[in-house]
Each structure stands twice: as structure tokens, then as C-alpha cells.
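Undergrad: Mind having a look at this structure? Questions to follow.
Residue numbers (the numbering used here), protein chains in the order written: chain B, 119 to 360; chain Z, 159 to 422.
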């Protein structure tokens, strides 16, 4: 299968600092890829390059023709001077029918909020509405940038379950950025461990065993940060890291 | 029918108010008040240029406001702290304009007219230009509405949707220059920002969606313009400041009523 989105040799700056060095990445249709890495490793910068918000100083991003991106930002600040109902927000950038809006809210687990002001939502509801908006454009790829920041652990676990449900319904690719390794890795087809450059890459099994990954997250912390594997319905077998 | 100066003044004020009210919402949402100030203050320099070259005031003001807004636009992409630069540009341009106006030979102009507006002297030609400007601003706003709104919420969301938020920001700055040119005769350089911000702030108390707020801001601005012109004749007060006073009264009314609603 060919890639729907690929980046080759990306070098990019955040402000004056070069935070990405020669990064390659490709994404196939329907694939779930998670980018993990410590703070400041360039995860968000990479996403911003991929959505076209940031021009890389070197390298190239190639998208499938007409690729639709559903983007869920890390956080969205709506200025308090701007009134904005959930329903109106879902119409950005393209107006959608009421039926679709309600359906997207249900799929995202935020039913019943559509007439509320965005400012009155709780953190979890807000993220779900962002997710609903992102899926309304029927994206080929859903991109989430630390979308569970500010949610407690059960909250973010539920959020990731929701993403799994969304992906099954839309059959889209998912590209996530996270540092919540234990939740995210179990659901990913492929994990990219980033620290300015790609340290290692592969299935969760391969990455969790890779020395570069262990160095970043693993051994020194007495297992607290090492990979924790969920009970999951497909082929992964339980093993050591727990 | 446009022979009556009162009618011309009222129509000029309403035309300006409608476009300023709607555009003002973006000024408020994007926290561009200082940006508006800088562009508006530069208008005095435009007046000086227009007098020097004997061209239309609208042309001189529009040109300088355009230059100023493009300059600020270019600078705003560079660093995080534009606040100080805006302050320098805003007051620097105002002072330069004030000095330049007095240096023009064989001109004894009434500076107050440009600082605070002089809507009672608008001609039919002025009125035509004001309304053409207002309609153009409204049309561009309408066409770019979704892109402007998305870019205002989050540039990254706009990029992901294939929009170009930098371009939208440029559109907004050009509209601002147009409104400054249109408004200079009505409320004057010093109160243009008030015309942008106060109706929008008043509308915020009632609105539920951005569109709702923009329509209400235009409506409130138009009411303030109408009421301000009438009231100024009645009380023999300057028109521009009276319009702003009425708009401020609407804001106060809105703030109080929303307090009452919240308490209830």
C-alpha cells in the first residue's frame, strides 16, 4: 500500500532552535501511528510541518492528492470575547447538517452539548468536541497533538478508546503525538520514537525493546515509565514490561 | 433629497458604523485594539499628505493607513512582542502627522475636524465614497468570513483545513485601513478605534455565535450613529464624540443587563 502522507528529510526550527533533524515519516491508509518522545523532542513541530502550518527549512512533505486532514490541536484557546456554541464550532471550516453534527458528537462521546457555549465545557468535553469537529470533514487522516493534555488518567483512557471507535467507523489513518506511553502504545500499529531525530521506529514490541527507547523512557525509572500493555483484542501477547 | 446636511450626516455616520461594527468584532476577538489605534492615528499623516498634494482626503488617509497596516502586518510576523512597536508606531505617526499638517504652506486647517470628525460637512461625493467603502468592506468580510473566523480561532486549524491564515490576516488589515479612511470624516482619527471596539463589546453581552455578534455590533453601531447625530444637534455637542458616547451607553446598558441576568 502506498503512503497517503510522507515526509522526507525534514529539518525544522521552532523559533531559532532547530528541533527536527532529517526526519522521515510515512503514513499508510488506515494505519495508527504514534509519535512518542520527551518534552521538546519536536513532536508538535513535526505535526505542524505535516499540516502545513510550518515550513521546514529542509525536506519535503508529500500528500496524497486531496488528502483530508482532521486536526485535533493540543489546546485551543477561544478568546472569551468570542461567543461560540458547540453547534457553530462544528460548522468550521465547512457547514454540516444538524444530523451529521449530532452524529459526530455521539461518535466522539460528547452527545447533548451542541447548544452549549464552548467556554462552558469541561476539559474532557472540549477535547471531544474538537475530535467531533475533526471527524466531520471525513478525514483520511486524523492528527492528534497530545489531545489528552489536562485530562486525568481515566479521562484520557476513555478518550483513546473513543479514538479507536472513531477510527473503526471512519476507517481513517491516525497519527498521534503523545507522551502517555502506556495508553497510547497498546493501540498503535507503529510507534515512532522521536528526540529531534527518529531514534527508533516499529511495532510497539520492537520499539519497547529498542535500546534507544529504553534510554529515553525505560530502565532508569525502575519500570514506572516502561511500557505497560493493555489487554487488547489483537495479536499482541503479554510480556515482560508490565 | 440628499440636500439636507442632517440627512447626509446621518447616512454617512450609519454607513461608517455598519462596517466598523462588523469589522470591530475581529478587532476585539484578535485583540487588535492597539493595531487599530496605530492605523487610525497614522490617518492624520494621510491628511497632511492629501493637503500637500491636493488630493482627496479619503485617498491620502486610505493610502497611509494601508502602508501603516502593511508595515505592522510585516512586523507582527517577526516577534512575539509587538505591543511596544505598535505603541511607537501609533504615537509616532500621530505626532508626525500633527507636525506635518501645520507645516503645509498656505493652509490653515481646522485640526479638530480630523481628530474628532466633522460629519456635518460631508458632501454628496463624500457620502458616496463612504457607502461604497462600507459595502466593499461588508462584501469582503462576507466572502472571507469562514476563513477569517477559523484563522482567528487557531491558525493551525486553518492550515490543516488548507487555508492560509497569514493571508486572512492581511485581508483583515486592509479592511481596517479601508474603515479608517471611511471613518475619518465621521468620528475622526482619535475615535475610530472606539467605533470599532465599543459596539462589538456591547454586542458580546447578548450574542451566542460570532455571526450573531457581528450583526448586533453593526446594529448597535448604526443606532449609536443615528442617535449620536440627533443628540449632538439637540445638545450642540461635537458629533463624533457624541456618537461614541451613545455607543458607550449601549455598552453600559448591556453590561448591566447581563449582570442582572446572571444574578437572576
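Virtual Cβ for every residue (Gly too), placed ideally from N, Cα, C.
#1: Since residue 219 of chain B meets chain Z, which of its residues come closer than 9 Å, beta carbon to beta carbon?
#2: Tell me, please, which residues DSSP counts as bridged to residue 311 of chain B.
#3: So, are the CB atoms of residue 310 of chain B and residue 284 of chain B less than 8 Å apart?
#4: Starting from residue 137 of chain B and walking both ways along the alpha helix (DSSP H), at which residues does that stretch end?
#5: Indicate the three-state DSSP secondary structure (helix, strand or coil) for residue 125 of chain B in the structure shown.
#6: For a contact meaning CB atoms closer than 7 Å, what does residue 260 of chain B contact in chain Z?
#7: Kindly indicate which residue of Z:194, Z:162, Z:410, Z:215 has the alpha-carbon position closest to the one of residue 226 of chain Z.
#8: With the cut-off set at 8 Å, would you say residue 187 of chain B and residue 292 of chain B are in Cβ contact?
#9: Quick one: is residue 302 of chain Z near chain B, going by C-beta distance under 8 Å?
#10: Chain Z partners of residue 200 of chain B, CB-CB under 7 Å?
#11: Quick one, are the C-beta atoms of residue 295 of chain Z and residue 333 of chain Z less than 8 Å apart?
#12: What does residue 331 of chain B touch in chain Z if you count any residue whose Cβ is under 7 Å from its own?
#13: By how many angstroms is the C-alpha of residue 135 of chain B removed from the C-alpha of residue 301 of chain Z?
#14: Given this structure, state the Cα-to-Cα distance separating residue 356 of chain Z from residue 402 of chain Z, to the nearest angstrom.
#15: Quick one: give me the first and last residue of the beta strand (DSSP E) that residue 260 of chain B is part of.
#16: Who are the Cβ neighbours of residue 243 of chain B in its own chain at under 7 Å, not counting the five residues just before and after it?
#17: Could you tell me which residues DSSP puts in a beta bridge with residue 203 of chain B?
#18: Can you find the residues in the same chain that come closer than 6 Å, C-beta to C-beta, to residue 182 of chain B, ignoring five residues on each side of it along the sequence?
#19: For residue 312 of chain Z, go through chain B and note every residue whose CB falls closer than 7 Å to its CB, in chain order.
TA: So, to answer that:
#1: For the purposes of this step, residue 219 of chain B is taken as residue 101 along the first chain, with counting starting at 1. Near residue 219 of chain B there are no residues of chain Z at all, since even the closest Cβ is about 14 Å away, more than 9 Å.
#2: The count along the first chain starts at 1 and reaches residue 311 of chain B at position 193. Answer is B:154, B:318, bridged to residue 311 of chain B.
#3: Here residue 310 of chain B corresponds to residue number 192 of the first chain, with the count starting at 1. Here residue 284 of chain B corresponds to residue number 166 of the first chain, with the count starting at 1. In this structure, residue 284 of chain B does not lie closer than 8 Å to residue 310 of chain B by Cβ.
#4: Within the first chain, numbered from 1, the residue matching residue 137 of chain B stands at position 19. It is not in any alpha helix (DSSP H) - residue 137 of chain B instead sits in the beta strand (DSSP E) that spans 135 to 146.
#5: The count along the first chain starts at 1 and reaches residue 125 of chain B at position 7. Strand.
#6: Against the first chain, residue 260 of chain B aligns to sequence position 142. Correct list: empty, because the minimum Cβ distance to chain Z is about 11 Å.
#7: The residue labelled residue 226 of chain Z in the question sits at position 68 within the second chain. Comparing Cα-Cα distances from residue 226 of chain Z to each of Z:194, Z:162, Z:410, Z:215, the minimum goes to Z:194.
#8: Counting from 1 along the first chain, the entry for residue 187 of chain B is found at position 69. Counting from 1 along the first chain, the entry for residue 292 of chain B is found at position 174. Their beta carbons are not under 8 Å apart, which means residue 187 of chain B does not touch residue 292 of chain B by this criterion.
#9: The sequence position of residue 302 of chain Z within the second chain is 144, counting from 1. No, residue 302 of chain Z lies away from the interface with chain B (no Cβ there is under 8 Å from its Cβ).
#10: The residue you call residue 200 of chain B lines up with position 82 of the first chain. Within 7 Å Cβ-Cβ: 187, 368.
#11: Within the second chain, the letter at position 137 stands for residue 295 of chain Z. Within the second chain, the letter at position 175 stands for residue 333 of chain Z. The answer is yes: Cβ separation under 8 Å.
#12: On the first chain, residue 331 of chain B is found 213 positions in, with the first residue counted as 1. By Cβ distance, chain Z contributes nothing, its closest Cβ being about 28 Å from residue 331 of chain B, past 7 Å.
#13: Position 143 of the second chain, counted from the first residue, corresponds to residue 301 of chain Z. Position 17 of the first chain, counted from the first residue, corresponds to residue 135 of chain B. Cα to Cα, the separation comes out at about 38 Å.
#14: Indexing the second chain from 1 puts residue 356 of chain Z at position 198. Indexing the second chain from 1 puts residue 402 of chain Z at position 244. Approximately 8 Å between the Cα atoms of the pair.
#15: Mapped onto the first chain, residue 260 of chain B falls at position 142. Run containing residue 260 of chain B: 259 to 263, per the beta strand (DSSP E) assignment.
#16: Here residue 243 of chain B refers to the residue found at position 125 of the first chain. The answer, listed in chain order, is 228, 231.
#17: For this step, residue 203 of chain B is matched to residue 85 along the first chain. DSSP output for residue 203 of chain B lists B:235 as bridge partner(s).
#18: Taking the first residue of the first chain as 1, we reach residue 182 of chain B at position 64. The residues are 122.
#19: Start at 1 with the first residue of the second chain, and residue 312 of chain Z comes out as number 154. Chain B residues near residue 312 of chain Z: 191, 194.
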